[in-house]
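Peer 1: Below are the structure tokens for one structure; questions will follow.
Numbering (the numbering used here), first residue to last: 2 to 371.
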């Protein structure tokens with residue numbers, strides 16, 4: 002794939018924004034003119050999908066071709082994150098954060114419309130028998146699922162994670178953590194996990210089934226110090242200790258404590274982290290909301306850095322941009338606010354773009370504003 006110019010990047014963002022605005026102005030079902038074609042799956046696919054995936058599903062539509070890219074080839078069974086109706090619906094709903102320009106169609110297509118599109122897409126696929134999940138596969142439905150266990154290396158060359166944690170969301174995302182020091186290892190998309198370890202007395206892996214879409218090292222740093230009037234003096238390096246996980250229909254994530262090494266380990270701060278996907282007109286994004294509550298007599302400060310990133314400041318955000326050789330630029334928007342209770346509230350929104358420029362930053366910052 003050739004490197005995209007700034008013009009193409011801005012054009013792609015504009016096309017996505019226009020598509021969202023135009024499509025969201027209508028609802029389902031809607032009245033039809035007598036000479037208007039039926040709004041069936043083929044019609045909806047032609048309107049919303051064929052620009053990239055082409056009318057015949059070969060992934061060479063006029064819009065994506067103009068960008069110098071190619072979309073998934075449905076005719077060859079090219080589905081990165083699963084081709085069951087449930088998996089296709091998750092992909093359409095959340096988009097593909099961090100991997101491609103495919104946006105989320107949540108709010109653009111009604112639930113019934115998505116089902117119609119999926120029905121048509123499946124007519125473009127090669128016929129084969131459905132893959133039934135094994136009796137050890139964990140499936141995420143309408144609420145998040147959390148699982149712990151030993152995890153295989155997330156990428157080639159990495160180490161296995163002895164104390165691993167997976168947080169799966171209904172959008173088909175899996176946030177993968179190392180619990181030993183409570184840090185995010187990466188994000189996957191697709192099916193959730195297979196409990197291979199159930200029949201092996203804990204010797205086998207809890208096997209994530211999704212494909213890695215984000216593997217940047219976690220750059221979150223939390224530091225604390227005593228308030229000026231306090232006589233407390235922390236000893237040694239701080240350590241992170243997982244406190245609990247949570248998974249409700251409204252939110253999913255974890256909570257951990259920052260402790261010192263003196264005695265039993267005094268709690269210096271409590272960190273609450275929620276994970277989710279986010280829909281933008283520039284594509285699908287990954288988002289982490291982090292709230293840090295300092296312990297008594299303590300002050301807390303957060304920092305977020307990514308190795309090799311270029312940093313710049315907008316009006317309300319700090320930008321970190323990391324270039325990938327052929328896949329564009331990983332961009333993270335860091336937004337910070339203080340609360341009345343003295344806690345620090347940070348939001349980290351990460352999205353992959355084909356190019357990065359001040360004009361694009363200004364447009365995205367405006368969209369991310371609360």
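Just so you know, even glycine gets a beta-carbon here, dropped at the ideal spot from N, CA and C.
Is residue 289 buried or exposed, if buried means 16 or more other CB atoms sit within 10 Å of its CB?
Peer 2: Classification of residue 289: buried, given that the 10 Å Cβ count is 16 or more.
Peer 1: Can you give me the start and stop residues for the alpha helix (DSSP H) that residue 150 sits inside?
Peer 2: Per DSSP, residue 150 belongs to no alpha helix (DSSP H); it is in the beta strand (DSSP E), 146-152.
Peer 1: Only counting the same chain, and skipping five residues up and downstream in sequence, which positions put a Cβ closer than 6 Å to that of residue 93?
Peer 2: Here the set comprises 106 and 115.
Peer 1: Are there 16 or more other CB atoms within 10 angstroms of the CB of residue 23, so buried, or fewer, so exposed?
Peer 2: At residue 23 the pLDDT is 36, less than 50, meaning the model places this residue with poor confidence and gives no usable figure here.
Peer 1: Entirely within the stretch 157-190 and at least 3 residues each: give me those beta strand (DSSP E) ranges in chain order.
Peer 2: For the stretch 157-190, whole beta strand (DSSP E) runs of length 3 or above, ordered along the chain, are 162-169, 174-179 and 184-190.
Peer 1: List the residues that DSSP assigns as beta-bridge partners of residue 107.
Peer 2: Its beta-bridge partners are 110.
Peer 1: Does any residue of chain B have a CB that is nearer than 8 Å to the CB of residue 90?
Peer 2: Protein chains in the displayed structure number just one, and chain B is not present.
Peer 1: In chain order, what residues of the same chain have a beta carbon less than 6 Å from the beta carbon of residue 224, not counting five sequence neighbours either side?
Peer 2: Excluding residues within five positions, the ones whose Cβ falls inside 6 Å are 302.
Peer 1: Compare the Cα-Cα distances from residue 59 to each of 75, 274, 67 and 248 and report the closest residue.
Peer 2: Among 75, 274, 67 and 248, the Cα nearest to that of residue 59 belongs to 75.
Peer 1: May I ask which residues mark the beginning and end of the beta strand (DSSP E) holding residue 218?
Peer 2: Note, residue 218: premise wrong, no beta strand (DSSP E); not H, not E.
Peer 1: Express the C-alpha separation of residue 83 and residue 307 in angstroms, rounding to a whole number.
Peer 2: Roughly 31 Å between the two C-alpha positions.
Peer 1: Smallest Cα separation from residue 57: which of 77, 283, 205 and 321?
Peer 2: Cα-wise, what sits closest to residue 57 is 77.
Peer 1: Determine the direct distance from the alpha carbon of residue 71 to that of residue 127, and round the result to whole angstroms.
Peer 2: So the two alpha carbons sit approximately 19 Å from each other.
Peer 1: Among residues of its own chain, excluding the 5 on either side of residue 208, which ones have a beta-carbon nearer than 7 Å to its beta-carbon?
Peer 2: So the qualifying residues of the chain are 153, 194, 195 and 197.
Peer 1: Does the stretch 179-188 come within contact of the stretch 160-170, defined as at least 3 CB pairs closer than 8 Å?
Peer 2: Yes: the two stretches touch, three or more of their Cβ pairs being nearer than 8 Å.
Peer 1: Considering only C-alpha positions, which residue in the set 148, 369, 312 and 256 is nearest to residue 287?
Peer 2: Out of 148, 369, 312 and 256, 369 has the C-alpha closest to the C-alpha of residue 287.
Peer 1: Pop quiz: residue 147 and residue 257 are said to be a contact at Cβ under 8 Å. What is the actual Cβ separation, rounded to whole angstroms?
Peer 2: About 14 Å separates the two Cβ atoms, so there is no contact after all.
Peer 1: Quick check on residue 314: buried or exposed, where buried means 16 or more other Cβ atoms within 10 Å of its Cβ?
Peer 2: Residue 314 should be labelled exposed.
Peer 1: Quick check: what's the CA-CA separation for residue 337 versus residue 138?
Peer 2: Their backbone Cα atoms lie some 38 Å apart in a straight line.
Peer 1: So residue 285 packs on residue 108, CB below 8 Å; how close in whole Å?
Peer 2: Residue 285 to residue 108, Cβ: 12 Å. No contact.
Peer 1: What separation, rounded to the nearest whole angstrom, lies between the Cα atoms of residue 363 and residue 280?
Peer 2: Near 17 Å, if we compare the C-alpha coordinates of residue 280 and residue 363.
Peer 1: DSSP three-state label for residue 209, please.
Peer 2: Reduced to three states, the DSSP call for residue 209 is strand.
Peer 1: Does the distance from the C-beta atom of residue 211 to that of residue 187 stay below 8 Å?
Peer 2: Cβ atoms of residue 211 and residue 187: not closer than 8 Å.
Peer 1: For residue 267 versus residue 260, is the C-beta distance shorter than 8 Å?
Peer 2: Taking 8 Å as the Cβ cut-off, residue 267 and residue 260 qualify as a contacting pair.
Peer 1: From the DSSP output, in three-state form, read off residue 94 for me.
Peer 2: If DSSP states are grouped into helix, strand and coil, residue 94 belongs with the helices.
Peer 1: So residue 1 packs on residue 155, CB below 8 Å; how close in whole Å?
Peer 2: Outside the displayed span of the chain (2 to 371) sits residue 1, for which this structure offers no information.
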